[in-house]
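Have a look at the structure below before the remarks.
Protein chains: 2
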Amino acid sequence: MSRQAPTLEDVAREAGVSRATVSRVVNGVRNVDPAIQETVREAISRTGYAPNQAARSLVTRRTETVALVMSGAGDVSEEEQNAFAARVLGDPFFGRVVSGVVGQLRPRSMHPVLMFAETDEARREVVTYLRQGSADGALVVSTHADDPLPALLADAGLPAVLFARPSRPVALSYVDLAHRDGGRLAAEHLLGRGCRRIVTVSGPLGVPASQERLAGFRDTMARHGHAYVPLVQGGFTVDSGMAAMTRLLAEHPDVDGVFAANDLMAQGICQVLRERGHRVPHDVAVVGFDDSSVAVTCRPPLTTVRQPVEDMAAAMARLLAEHIRGVRTEPASVIFDPELVVRESA
Amino acid sequence: MSRQAPTLEDVAREAGVSRATVSRVVNGVRNVDPAIQETVREAISRTGYAPNQAARSLVTRRTETVALVMSGAGDVSEEEQNAFAARVLGDPFFGRVVSGVVGQLRPRSMHPVLMFAETDEARREVVTYLRQGSADGALVVSTHADDPLPALLADAGLPAVLFARPSRPVALSYVDLAHRDGGRLAAEHLLGRGCRRIVTVSGPLGVPASQERLAGFRDTMARHGHAYVPLVQGGFTVDSGMAAMTRLLAEHPDVDGVFAANDLMAQGICQVLRERGHRVPHDVAVVGFDDSSVAVTCRPPLTTVRQPVEDMAAAMARLLAEHIRGVRTEPASVIFDPELVVRESA
DNA sequence: ACGCCCTGGGAGAGCGCTCTATGCCGTTGT
DNA sequence: ACAACGGCATAGAGCGCTCTCCCAGGGCGT
Chain Z
0 MSRQAPTLED VAREAGVSRA TVSRVVNGVR NVDPAIQETV REAISRTGYA
50 PNQAARSLVT RRTETVALVM SGAGDVSEEE QNAFAARVLG DPFFGRVVSG
100 VVGQLRPRSM HPVLMFAETD EARREVVTYL RQGSADGALV VSTHADDPLP
150 ALLADAGLPA VLFARPSRPV ALSYVDLAHR DGGRLAAEHL LGRGCRRIVT
200 VSGPLGVPAS QERLAGFRDT MARHGHAYVP LVQGGFTVDS GMAAMTRLLA
250 EHPDVDGVFA ANDLMAQGIC QVLRERGHRV PHDVAVVGFD DSSVAVTCRP
300 PLTTVRQPVE DMAAAMARLL AEHIRGVRTE PASVIFDPEL VVRESA
Chain B
0 MSRQAPTLED VAREAGVSRA TVSRVVNGVR NVDPAIQETV REAISRTGYA
50 PNQAARSLVT RRTETVALVM SGAGDVSEEE QNAFAARVLG DPFFGRVVSG
100 VVGQLRPRSM HPVLMFAETD EARREVVTYL RQGSADGALV VSTHADDPLP
150 ALLADAGLPA VLFARPSRPV ALSYVDLAHR DGGRLAAEHL LGRGCRRIVT
200 VSGPLGVPAS QERLAGFRDT MARHGHAYVP LVQGGFTVDS GMAAMTRLLA
250 EHPDVDGVFA ANDLMAQGIC QVLRERGHRV PHDVAVVGFD DSSVAVTCRP
300 PLTTVRQPVE DMAAAMARLL AEHIRGVRTE PASVIFDPEL VVRESA
C-alpha cells in the first residue's frame, strides 16, 4: 500500500482551483473553461488521482453496483448451501445469464456482485445488503417457483427485476419466455417429422415455466388428435432425464419421439436411448429446450427450442438500470419468443 | 422507495443514547451495559435501521467486497469481448472457482464482484476500480500465461491473489497445483495398466501449467523407457481434443493409451475414439486432468487427475482476506497436491 | 477518608465527495 | 453610463458513519 491516496483537495491545490471545479471536470459537467479543464486534467494525471467511491456514494446514494442473485426456495440444510452454489454454477444456464447481464452493465460502468440465496437467512442478507446501499438494485433468478425473495424485495421497495414471472403476483418487473409457444414448436416439429408414438419428459411441475411448456406441447398434440401423451416428470438435470427415459422406455418400447423440457434432460435421454440400442434420430427423434451449450456438445447435436437467455438477461439489466435511474417507475414485463433450432436429433 | 432511511442519529434519539453508543452496539464492541444494549437493539428493530455502507466505508476504508477477475491476455477485438465472458463462463472450471471463493467469503460477510478483463482497457478499469476503493482486493484467474494484470496490480500496491504462478515473477501471493506430479500420476497409471503405445494431448504450451503437466508426464515415461511420446498440442476445449486425437490416430492407429491435459479434451478424445471404432478403455485407455464435472458426465466416466479447484479457490480467498486485514504482508504461495481418480476410462 | 484506576458513555472531529447558494466579472441593452 | 445579465468559479454545508479523546462515577487500596 502506497501512502495516503490523493484527494480532490490535493488535485485542487495542485491545479490552483477549488475542489468544486475539479469535481466538475471529473464528472464531465459543463461550464468549465477549456483552459482550466486542461490544467485540472494535468493535475489529475500528475497526482494519479482516483475519486473515492465511498465518499461519492455517500452523497449520490448510488454505488453503480447491482446484486445478481441466484435464489432457491424454502430452507436448505446447512451442508447443502455450498452444493446449491455448485449446482447453479454447473448449469450452463447460469453462464448465459451472467454473460448477458455483464454485456449490458459494462457500458454503463456498473458491476454485478454475485449472491446465492438458498435459505431464508441468506435472503434476509440480500435484502439487508440492498438496504445498506451496498448495491442499487437486484437481478433475481429463482430456481423454484415459490421463492419468497421477490416479495421481500418488493415489500422493501427495492429496485429489482426477475427472470421469469413469479408464481404469486409481485409488483416487480420481469422478463420471460413464451414457454407455451415453445412447447407448441416442439410438438409441431415432432409431428411434422412423422412421429406418432411421442412421449415427453417435463420439468418440475411446480415451476410455471415447466407447466407452460407442457401445456403448449399437449394442446398442440391434442389439436392433432393425440389426446394422451405419456409423461414423466424430470428435474432439469442429466440424471433425471436418464431416469425418466428409462421408465418411459419400459412402458413404451416403441416410442419414436421425445420432447424434453430442457437440453440437459435431452442429453440424458439420448444417452439412455443409445445404450438401449435406439438410434437418434433414426429410431427416436428427440427435441430439447433452451439451446444451451450442451445442445451442441451432445451426440447427436440437439434439435431444440431456443430460449434467448443472453438477450433476456440483457433486458433484465436494462430494465433494472431504468428503475434505478428512476426513468421507469411502474413494473414492466418483457416476453421473448422461442425459436426452433433444427440440428440432428430430430 | 420508502422515504428517508433511518440513520444512526434516529436510532440514538429513539433509544435515548448517543450515536456512538448505537454504533458500538451495532458493531458489537465491548463496554456497553447489557441493559442499554437491549434498549438500543429494540430501537434498531423498531426503526428498521440498516447502517449505510458508504458512510461506513468512507471511514473504515473497507468495502467488504473483493473483485473476482477472469483475465485474458493481450488485446482482443471489440466483438470478442462478450465471447470471452461466454467462453470463460462455459468452462466448468469457472463454476468451481466461484463456488470455492463464495464458500470462504460468505462467513466473512464479504462479497465477490465479477469482472472480465480481456483487454488492456478492461484491465485498467479493474485497477481503477480497486484504487477507487470499490473493492478491497482482487482474486485473479488468468487464462493466458502472459497476462499483464498481475503486474499492474502489484505495481499499484493493491492486495491480490492469483490462481497459478505467473510466468514472470510478481510480488503477489498465489495458489497452484503440483502439475508435474499430476503428469507423473497419469503416466504411472497408464503404464501400470500395461499400455505401451501411449500418446498425449497437451494444453497450450504457453501456459506454465500445461508445460508442467507435460514435463511430469514425459519424465515419468522416460524413466520407464519411453524416450519419445507422440504429442499434439490442444487448446483445453472439446473441439481441440477431437482435432488432436484425429491427427494422432492418423499417425498412430495402434495407440492404446492417451493422456489428455484436461477433461474437456479427454471428452473430445473419447468421442473421436468411439466414432472410429475404438472401445474405451478396452482398446484405448484415456486419462484426463482436472476431475471437472464432465469427468462424470462423459461416457465412459473419466479416470482423471484431480485438481481440487474449490479448495484452491478457497485458499485464494483466505489469503486475500489475510492480506486485506494486514495480517499477512509478504506474498505467499500455497501448492496443492493432485490425486488420481480412477473411473472407467482407464 | 482520600485519591486512583477502570468502566461505560458522550461530544465532536473528521473521512472525501457533491451540490446549492453565492460572488465575481465582463458583456450587453437602453 | 449604469443596471441587468449570464458565464465560471468558490465557499461551505452536509451525506452517515467511526473513533479518539474526554468525563463522570463507582470500587478499591492504603
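Chains as they are written, first to last, in numbering that gives the first Met the number 0: chain Z, 0 to 345; chain B, 0 to 345.
By construction, the Cβ of each residue, glycine as well, lies at the ideal position given by its N, Cα and C atoms.
Computed from a predicted model, the values in this text were never measured in an experiment.
Going by Cα to Cα distance, which pick from Val25(B), Leu213(B), Ala150(B), Gly94(B) is closest to Leu67(B)? Gly94(B)
Tell me which same chain residues have a C-beta within less than 6 angstroms of the C-beta of Gly267(B), skipping the five on either side of it? Val237, Gly240, Met241
Cross-chain neighbours of Leu88(B) in chain Z, by beta carbon under 8 angstroms: Phe93, Gly94, Arg95, Val97, Ser98
Looking at the secondary structure, which residues open and close the alpha helix (DSSP H) in which Leu7(B) lies? 7-14
Among Arg105(Z), Arg275(Z), Tyr128(Z), the one whose alpha carbon lies nearest that of Glu120(B): Answer by Cα proximity: Arg105(Z).
Cβ-based neighbour list, Ala316(Z), same chain, cut-off 6 angstroms, excluding 5 preceding and 5 following: Val100, Gln103, Leu104
Within 8 angstroms (strictly less), CB to CB, does Asn376(B) reach chain Z? Look at the range of chain B in this structure, 0 to 345, and you will see that residue 376(B) is not part of it.
Can you tell me whether Asn261(B) is buried or exposed, with buried defined as 16 or more other CB within 10 angstroms of its CB? buried
Gly132(B) to Val39(Z) span [Cα, whole Å]: 22 angstroms
Report the rounded CA-to-CA distance for Ala85(B) versus Pro91(Z), giving the unit in angstroms. 10 angstroms
Apart from the five residues on each side of it in sequence, which residues of its chain come closer than 6 angstroms, Cβ to Cβ, to Asp290(Z)? Thr303, Arg305, Val340
One question on the structure: do Val140(Z) and Val160(Z) come within less than 8 angstroms of each other, judged by their Cβ atoms? no
Thinking Glu181(B) and Arg212(B) are a contact (beta carbons under 8 angstroms), I'd like their distance in whole angstroms, please. It is Gly, not Glu, that sits at residue 181(B) in the sequence shown. That belief holds up - the Cβ atoms of Gly181(B) and Arg212(B) are roughly 6 angstroms apart, short of 8 angstroms.
What residues from the stretch 126-153 of chain Z come within 8 angstroms of chain B, judged by C-beta to C-beta, listed N to C? Contact annotation: in the stretch 126-153 of chain Z, residues whose CB is within less than 8 angstroms of a CB in chain B are Thr127, Tyr128, Arg130, Gln131, Gly132, Ser133.
Since Met311(B) is in the alpha helix (DSSP H), which residue starts that stretch and which ends it? 308-324
Quick one: Cα of Ser108(Z) to Cα of Tyr128(B), how far? 10 angstroms
Of all the CB atoms in chain Z, is at least one closer than 8 angstroms to the CB of Arg342(B)? Chain Z places no beta carbon closer than 8 angstroms to that of Arg342(B), leaving this residue out of the contacts.
Leaving out five residues on either side along the sequence, give the residues of the same chain with a beta carbon under 6 angstroms from the beta carbon of Arg183(Z). Gly215, Thr219
Identify, in the order they occur along the chain, each residue of the same chain with its Cβ nearer than 7 angstroms to the Cβ of Ser166(Z), setting aside the five sequence neighbours on each side. Ala144, Asp145, Pro207
Chain Z within 8 angstroms of Met0(B), Cβ atoms only: Because the pLDDT at Met0(B) is just 40, under 50, the model does not fix this residue reliably, and the point stays unresolved.
With 8 angstroms as the threshold, decide whether the Cβ of Arg372(B) is near any Cβ in chain Z. Because chain B is modelled from 0 through 345, residue 372(B) falls outside the range shown and cannot be assessed.
Looking at the secondary structure, which residues open and close the alpha helix (DSSP H) in which Val21(B) lies? 18-25
Which of helix, strand or coil does DSSP assign to Arg29(Z)? Of the three classes helix, strand and coil, the one that applies to Arg29(Z) here is coil, per DSSP.
Local conformation of Arg298(Z) per DSSP, three classes: Of the three classes helix, strand and coil, the one that applies to Arg298(Z) here is coil, per DSSP.
Counting along the chain, where does the alpha helix (DSSP H) carrying Asp119(Z) start and finish? 119-130
What is the DSSP secondary structure of His188(Z), reduced to helix, strand or coil? helix
Apart from the five residues on each side of it in sequence, which residues of its chain come closer than 8 angstroms, Cβ to Cβ, to Thr347(B)? Not covered by the structure: residue 347(B). The range shown for chain B is 0 to 345.
Does chain B have any CB closer than 8 angstroms to the CB of Phe115(Z)? yes
Chain B contacts from the stretch 36-57 of chain Z (Cβ-Cβ distance under 7 angstroms): Ala49, Pro50, Asn51, Gln52, Ala53, Ala54, Ser56, Leu57
Compare the C-beta of Val10(B) with all C-beta atoms of chain Z and state if any pair is closer than 8 angstroms. no
If you drop the 5 nearest sequence neighbours on each side, which residues of the same chain put their C-beta closer than 6 angstroms to that of Ala14(Z)? Thr38, Val39, Ala42
Out of Ser98(B), Ala243(B), Val257(B), point me to the one whose CA is closest to Pro307(B)'s CA. Ser98(B)
Report the three-state DSSP secondary structure of His178(Z) (helix, strand or coil). It is helical.
Rounded separation between Met0(B) and Ala259(B) - CA only: In this predicted model, Met0(B) has a pLDDT of only 40, less than 50, meaning its place in the structure is not dependable enough to derive any value.
Neighbour flag for Gly71(B) against chain Z, beta carbons, 8 angstroms: no
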